[in-house]
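The next block holds one structure in the form of structure tokens; read it before the comments.
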Amino acid sequence: MTEIDYNKILSEFRTISDLTKLTIADKRGNPALQFGFVLKLYFSHAYDNDVRMQLIRLIEDYGRIFSDKITHYMPYDGNRLKPTKGFDYIGYFTDHMRSIPPEERVEGFDAELYGFAKAVDRDEPTPYHIGVVARPAIAEKRLGNKNNALGRLEAYFPADWPQGDYSKLLTVLSRWAAIGQPIHGTFGLGLVMEEGAGRGPFVDLAFPFLKRFAGFDYPDLSLWRVRSEAATTPVIRSINWLTLIDDERLEMIGGIDKTRDALNAACSVHSYDGGVIVQAGPEPKIGDINRGEILDAYRSVAEVLKPLRFEDFGRRGIFEGLSPPLDDKDETLAWLRRFD
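Shown next, in the form of structure tokens:
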């Protein structure tokens with residue numbers, strides 16, 4: 011596993027915004043890992059055009075937020091990114107989505123935006139990125155419960171974007187919850203990795219940060235969604251500073267009043283039409299385990315939402331590519347239980 015000089019890294023930042031200054035290189039000295047805010051949302055019945063249109067609207071909103079940063083999109087007729095300058099990528103995504111026949115049950119839908127410094131596509135962490143994947147109707151047959159995820163969205167927000175006003179994250183998530191009607195999701199600090207590439211080559215580099223800093227999320231792409239297909243009840247993946255659950259999942263843990271009563275006093279619950287967002291304290295935290303930092307608010311949220319957490323993995327978890335003797339499933343469960 012890659013040797014990391016944590017003392018040097020920790021000496022380089024004092025605030026969350028300073029995380030944008032940190033880049034971790036691989037053994038060859040190439041940029042491989044950065045840090046920021048990771049937004050993960052999951053959607054049911056993602057084969058419906060209405061749901062897919064909602065996903066496109068979320069991409070459109072991300073493009074508005076970072077209009078001066080978005081530089082590329084992924085086309086459907088090749089494997090190389092193309093510039094967004096002067097191009098109606100929302101119209102392009104929408105036309106492609108509508109071109110899929112309604113009766114077609116085997117074709118999924120995806121769309122992605124990227125933002126690169128100086129508009130140059132490099133093989134390195136992608137600080138501005140949003141991607142959605144909506145699986146086809148035929149995939150629903152593999153779900154143990156039809157109200158679990160058939161679609162997912164993952165997006166990065168730079169660590170210095172809130173400029174200390176973390177209510178901006180809650181505002182975005184509340185707006186996106188109203189637009190997209192996700193079934194669950196999280197928004198908080200996490201690892202920023204190269205998009206358009208597999209996670210395997212970077213897992214050994216990323217994993218030590220996940221083990222030491224409890225507040226960091228891991229952008230596992232679609233791995234958790236695939237691994238959780240067998241769940242027979244509505245489930246969630248994990249928690250972060252902001253954790254979203256829909257009304258069905260909220261009722262499974264006793265409803266909004268019981269949830270509020272069970273949470274730490276530092277936590278708050280924000281309602282939207284379709285569910286709630288649970289906030290773990292006034293601001294996001296990194297949670298350096300080696301320095302004895304205990305994230306009490308995060309722990310409280312994790313305890314209340316634990317009945318919803320999926321743990322029934324088969325042989326594999328979400329950390330494909332870990333070096334022996336580390337076991338993917340065991341380490342996945344340990345990470346999901348990090349606030350217990």
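Residue numbers 11 to 350, in our numbering, belong to the letters of the sequence shown in order. Glycine is no exception: its CB is placed at the ideal position from the N, C-alpha and C atoms.
So which of the options has the shortest CA-CA distance to residue i?
| i | options | result |
| --- | --- | --- |
| Ser310 | Gln289, Ala127, Pro137, Arg90 | Gln289 |
| Glu139 | Gly331, Tyr83, Phe329 | First, the residue type needs correcting, since residue 139 is His and not Glu in the sequence shown. Among Gly331, Tyr83, Phe329, the Cα nearest to that of His139 is on Tyr83. |
| Ala127 | Phe53, Ala224, Phe76 | Phe76 |
| Ala169 | Arg152, Leu201, Gln191, Lys151 | Leu201 |
| Gly198 | Phe217, Ala188, Trp171 | Trp171 |
| Gly225 | Ser109, Lys268, Arg347, Ile100 | Arg347 |
| Ile304 | Arg235, Gly265, Arg222 | Arg222 |
| Asn274 | Ile266, Gly265, Asp306, Asp267 | Asp306 |
| Pro334 | Tyr228, Gly154, Asp214 | Asp214 |
| Phe320 | Asn158, Tyr282, Leu254 | Asn158 |
| Asp98 | Ser109, Glu117, Arg90, Ile69 | Ile69 |
| Met107 | Ala129, Asp78, Pro146 | Pro146 |
| Asp322 | Pro218, Lys339, Ala312, Pro112 | Lys339 |
| Glu261 | Asn40, Asp120, Thr30, Pro317 | Pro317 |
| Val130 | Lys31, His55, Lys92, Phe212 | Lys92 |
| Leu32 | Gly39, Arg38, Gln44, Ile26 | Gln44 |
| Asp59 | Ser27, Pro112, Leu29 | Note that residue 59 corresponds to Asn in the displayed sequence, not to Asp. It is Pro112 whose Cα lies nearest to the Cα of Asn59. |
| Ile3 | Tyr166, Asp337, Thr196, Trp234 | With the chain covering 11 to 350 only, the question about residue 3 has no answer from this structure. |
| Gly285 | Cys277, Gly297, Ile255 | Ile255 |
| Asp120 | Ala56, Ala42, Asn300, Asn155 | Ala56 |
| Asp133 | Gln64, Phe212, Gly101 | Phe212 |
| Asp257 | Leu336, His280, Ala276 | His280 |
| Pro2 | Lys156, Ile110, Ala216 | Here the chain has residues from 11 to 350 only, and residue 2 is not among them. |
| Asp227 | Phe329, Asp267, Ala188, Arg115 | Phe329 |
| Tyr102 | Glu117, Arg115, Met63, Glu114 | Met63 |
| Pro218 | Ala187, Ile34, Gly125 | Ile34 |
| Gly125 | Arg74, Ser27, Ile249, Glu150 | Arg74 |
Using 9 Å as the threshold, is the C-beta distance between residue i and residue j below it?
| i | j | result |
| --- | --- | --- |
| Ala272 | Val245 | no |
| Gly327 | Arg237 | yes |
| Pro135 | Glu204 | yes |
| Trp251 | Lys295 | yes |
| Thr94 | Leu123 | yes |
| Ile80 | Tyr72 | yes |
| Phe53 | Gly190 | yes |
| Glu164 | Leu231 | yes |
| Arg247 | Lys50 | yes |
| Val142 | Ile66 | yes |
| Pro137 | Tyr166 | yes |
| Tyr282 | Phe349 | no |
| Leu332 | Glu239 | no |
| His194 | Thr253 | yes |
For residue i, count neighbouring Cβ atoms within 10 angstroms of its own Cβ and tell me buried if that reaches 16, exposed if not.
| i | result |
| --- | --- |
| Gln173 | exposed |
| Tyr176 | buried |
| Val61 | buried |
| Thr181 | exposed |
| Arg24 | exposed |
| Thr242 | exposed |
| Gly96 | exposed |
| Ile148 | exposed |
| Leu179 | buried |
| Met11 | Bear in mind that the predicted position of Met11 carries a pLDDT of just 42, short of 50, making it too unreliable to give a figure here. |
| Arg235 | buried |
| Gly39 | exposed |
| Arg259 | buried |
| Gly297 | buried |
| Ala312 | buried |
| Ala188 | exposed |
Hey, would you say the C-beta of residue i is under 8 Å away from at least one heavy atom of the ligand ATP?
| i | result |
| --- | --- |
| Thr342 | In the structure shown, the ligand ATP is absent, as is every other ligand, since no ligand is present at all. |
Between which two residues does the alpha helix (DSSP H) carrying residue i extend?
| i | result |
| --- | --- |
| Thr269 | 265 to 272 |
| Thr181 | 177 to 190 |
| Arg62 | 59 to 75 |
| Ser109 | 99 to 109 |
| Arg235 | 233 to 237 |
Which stretch, first to last residue, makes up the beta strand (DSSP E) that contains residue i?
| i | result |
| --- | --- |
| Thr253 | 252 to 256 |
| Ile140 | 138 to 144 |
| Ile304 | Neither: Ile304 is in no beta strand (DSSP E) and is coded neither H nor E. |
| Glu341 | That residue, Glu341, is in no beta strand (DSSP E); its alpha helix (DSSP H) goes 338 to 346. |
| Arg247 | Run containing Arg247: none; DSSP gives neither H nor E here. |
| Gln44 | 41 to 53 |
| Thr25 | First-last for Thr25: undefined, no H or E at that position. |
| Asp120 | 119 to 125 |
| Leu332 | Element bounds for Leu332: n/a, residue is neither H nor E. |
| Pro135 | Per DSSP, Pro135 belongs to no beta strand (DSSP E) and is neither H nor E. |
| Leu201 | 194 to 202 |
| Glu321 | Here Glu321 belongs to no beta strand (DSSP E), and DSSP marks it neither H nor E. |
| Leu163 | 161 to 168 |
| Ile287 | 285 to 289 |
| Tyr86 | Unbroken run through Tyr86: none, as it is neither H nor E. |
| Val279 | 278 to 282 |
Tell me, please, whether the CB atom of residue i is closer than 9 Å to any CB atom in chain C?
| i | result |
| --- | --- |
| Ala224 | The structure shown contains no chain C; it is built from a single protein chain. |
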